[in-house]
Amino acid sequence: MTSAWFGLNTALSALRAAQTQLDVSAHNTANANTPGYSRQRVELIAGEPYSYPAFNRSGLPGQIGTGVTVAQIQRVRDAFLDGQLREQLGLQGQWQTRSDELAKVETILPEPASSGLGSALSTFWNAWQDVATDPSSTAARTALLEQAATLAQRFGSAAGQLKSLIGGQDYQVGQQVASVNDLAARIASLNAQIQRVAVTGDQPNDLADQRDQLLAQLSTILPVDVQPQADGTVNVLVGGTDLVSGLRARAVTTAPDAVGHAVPTWSSGGAVELGDGRLAQYVALRDTVLPGYLAQLNTLAKGIADAVNGLHQSGVDESGAAGLAFFTYATGDEAASLAVNAAVAADPTKVAAATAANQPGDGGQAGAIADLRSALLFGSGTQSATDFYAGLVGRVGSDTRQAADMATNQGLVVDHLQQLQQSTSGVSLDEEAADMIRFQHAYQAAARVITAMDEMLDQLVNRTGLVGR
Amino acid sequence: MRITEGMLHDRALRDLSTNLDALSRSQEQVSTTRRLNRPSDDPAAVRSVVNLKDGLAEIEQYLRNADAASRGLSAADTALGSAGDDMQRVRELALQAANGTLTASDRATIADEVEQLTAHLAQLAGTKVGDAYIFSGFRTDRAPYTIPASGSAAVGGYQGDGGAILGRIAPNVTMPTNITGDVAFGPAFAALQQLDTELRAGTAPSAATMTGLDAGLAALVAGRATVGARANRLEVTQSGLQDSEVATKKLISDLQDADMTEVISELSQRQTTYQAALQVNGRILQQSLIDVLR
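For the protein sequence lines, the chains are A and B, in the order given.
Using this note's numbering, read the first sequence as starting at 1290 and increasing by one per residue.
Using this note's numbering, read the second sequence as starting at 571 and increasing by one per residue.
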């Protein structure tokens, strides 16, 4: 037989359990909008029944329950989904970065607007025709020099902007490396806190949420391999090297390459394997994509300058002297350094429009230069200057388009996974409200049990054995 | 699937942002009237437009070149026309001077007029368009003949050269836009000087002189015919260029310009969609069980 006070303890455990559940519900509600928060659930189990089978058992008809126990408070989270999401976040980071950066290149080549290099090129060839038509006109020669200066300036500004964009990518590489170090240090420190909690057997739910959030951030920069350990910590591997191992984070530094650009390197030596992600994309844009565009601009500038110079130097200027080089440039940096030869720019009579001396009406050489418009100077004799330029514009356009499309698609994949994650781990206020009522009722019912017990004991203690008094 | 408020909220935000993005693209097309605003809008079309725009600029330049050539040819035509009239008058005077009853002083009077006509002819040979002498070949800085001093019909030797000025009137097509003074005016001046010498000597024009005058007139007429033929060719070319200009502009417009009817109806459709999305989301996001519980 159990004691008369036995039921009070059972009801008390119910009161405590309901209160804990209500507390957790309050915590869920409070964190409904916290990024990365996973809803938590109280795991209840029935109390250990009384009594155990033994030789001197109590003689009860069977086991009697002793109430409810709060086993643990757990977060609802799908670790597989986390892994999938991390993978897709890396790809999204990569395409989004590429799309954002290439959109900047498009503003450098503002076609088909008339402020682009293409229209400057057309105007330049036309100006040569005007000189060919009326070679003795100073106005036509001056206009030609102005158009040539405009063309050189458009080349220079496009190349300058591309270069500064390349510098921007290099800066971003440094920034991303700093973020990696920061995130790795915070993950290691969370590992330490989690380990301390896990040792006591408790669930470090909120700390784990924070760590998952940091891992997600990290995976947009670098592809990471997350390996959970028995002690609750996670090891984070990048390309097989441990970035975070238990409580330690390995630092990533940068080493300058041949042109002084930062290369992400382990502090312990060796280049970091970048895989897919924002960091890899900044490096690719800086080292391959943007320099590729710049090289094409240089080819175009050099091709035009060389062809014009060749013909100009075999022509004759107004004074009867052989033509000078029309354009000047620095080899290897043609587009940025392209300029009209200062001697010609200062003196319109130095434009070598004629084929021979003493022929002021002869614009034959200017005409020959104007005809370079359709000369196949590029692509091994298959493309004119405009074809080549249009090809560059088309390539930038299709690269940008592809990156934007991929970023959109990848965004949808990530959104879908995040929705799935939300579906599992997100806080539903409706659910919490309904639970609140459930827990409140459970609390009320337990309290009512105590009241019933109280009345029962009152009956026994205060009103029993008073017969005839 | 378990749905939470956060999911509804995220989805609403994402859908609204997709709608707004589409709306902003429509709006851009309406306000710029262009379908292509950056290379990525349609890389292949932008590539074609870059090429076509250069083609258009080239055609427009050929039209300008043709205008300039046409100005030169029309000035040459006028000059050669009045030079022909002058030579007709000279022939009449020569025939008059051949009359045996005329005295030396009569012939001197005729010589005066011949000299004046020669001077006028020399002026016509020195016709300029802008700063350039059009009958001097490449030596556009020099008059082809000097104007004779009074009492003389000597215009001196031809000062120009044989340079043919080529106008660029179509891709890879050039056309000479000048005729040189020695060809058009040379024979006339030679005959005129001969006539003047004979008249000043008081003699009747010789048969050789009469033949020379005819040859001089024929050279002027032939020159004018050449100019006329070139002007015709130029006109044909110009109308061809104008046709290509219109065709190229249409091609560019087809690729680059937005179909306004379509874009505006798309814009209003997207506006409606956006408003509907706003209203629906506004209503759904407001509701929760909390509202119903007491």
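Just so it is clear, CB atoms sit at the ideal spot from N, CA and C, and this is done for glycine as well.
| Item | Value |
| --- | --- |
| Own chain, CB closer than 8 Å to Arg1500(A), minus 5 neighbours either side, in chain order | Ile1476, Leu1479, Asn1480, Ile1483, Val1523 |
| Closest Cα partner of Ile735(B) within the set Pro613(B), Ala653(B), Gly625(B), Phe708(B) | Phe708(B) |
| Simplified DSSP assignment, three categories, for Arg608(B) | coil |
| Buried versus exposed call for Thr1509(A) [16 or more other C-beta atoms within 10 Å across all chains shown] | buried |
| Exposed unless 16 or more other CB atoms sit within 10 angstroms - verdict on Lys820(B) | exposed |
| Beta-carbon proximity list for Gln1506(A), same chain, < 7 Å, skipping 5 on both sides | Leu1472 |
| Per-residue burial, Ser1411(A) [other beta carbons within 10 Å of its own, 16 or more giving buried] | buried |
| Own chain, CB closer than 8 Å to Ser1388(A), minus 5 neighbours either side, in chain order | Thr1689, Ala1692, Ala1693, Met1695, Ala1696 |
| Rounded straight-line distance, which links the Cα of Gln1377(A) to that of Val1702(A) | 7 Å |
| Best match in Arg1375(A), Leu1666(A), Leu1718(A) for proximity to Val862(B) [C-alpha to C-alpha] | Leu1718(A) |
| Beta-carbon proximity check, Phe705(B) vs Thr750(B), cutoff 8 Å | yes |
| Host beta strand (DSSP E) of Trp1555(A) (start-end) | 1551-1555 |
| Test item: CB-CB of Val1552(A) and Thr574(B) under 8 Å | no |
| Three CB pairs or more closer than 8 Å across the stretch 1310-1326 of chain A and the stretch 1291-1300 of chain A | no |
| Residue range of the unbroken alpha helix (DSSP H) whose run includes Met571(B) | Per DSSP, Met571(B) belongs to no alpha helix (DSSP H) and is neither H nor E. |
| Among Met577(B), Gly576(B), Thr588(B), Arg572(B), the one whose alpha carbon lies nearest that of Gln845(B) | Thr588(B) |
| Sequence-distant residues of the same chain with beta carbon closer than 7 Å to Val1420(A), five excluded per side | Ala1429, Arg1430, Leu1433, Val1640, Ala1642, Gly1652, Ala1655 |
| Contact list for Gly700(B) against chain A, beta-carbon separation under 9 Å | Asp1423, Ser1425, Ser1426 |
| Ser1534(A): first and last residue of the uninterrupted beta strand (DSSP E) it sits in | 1530-1534 |
| Nearest-angstrom Cβ-Cβ length linking Ala1590(A) and Glu1623(A), presumed shorter than 8 Å | 4 Å |
| Cβ of Val1685(A) within 8 Å of any chain B Cβ | yes |
| Length-filtered (4 minimum) alpha helix (DSSP H) runs lying within the stretch 1386-1461 of chain A | 1406-1422 |
| Backbone CA spacing between Gln1729(A) and Ala1736(A) [nearest angstrom] | 11 Å |
| Residues bridged to Met745(B) [DSSP beta-bridge criterion] | Gly737(B) |
| Beta-carbon neighbours of Leu1665(A), restricted to chain B and to distances below 9 Å | Going along chain B, no residue has its Cβ under 9 Å from Leu1665(A), so there is no contact; the nearest lies around 13 Å. |
| Continuous beta strand (DSSP E) stretch holding Asn1647(A): start and end | Per DSSP, Asn1647(A) belongs to no beta strand (DSSP E) and is neither H nor E. |
| Ala789(B) and Ala754(B) closer than 8 Å at C-beta | yes |
| Three or more C-beta pairs below 8 Å linking the stretch 1438-1447 of chain A and the stretch 1397-1411 of chain A | yes |
| Interface flag, Pro1649(A) vs chain B, CB-CB below 8 Å | yes |
| Chain A residues whose Cβ lies nearer than 7 Å to that of Ser858(B) | Leu1718, Asp1719 |
| Bridge partner(s) assigned by DSSP for Thr1617(A) | Ala1628(A) |
| Chain B within 8 Å of Gly1325(A), Cβ atoms only | no |
| Span of the alpha helix (DSSP H), counted from its first residue to its last, around Ile854(B) | 830-856 |
| Straight-line gap, Gln839(B) to Ser1673(A) (C-alpha atoms, nearest Å) | 44 Å |
| Pro1517(A) classed as buried or exposed, judged by whether at least 16 other C-beta atoms fall within 10 angstroms | exposed |
| Contact set between Ser1608(A) and chain D, taken where Cβ atoms lie within less than 7 Å | Of the protein chains in this structure, namely A and B, none is chain D. |
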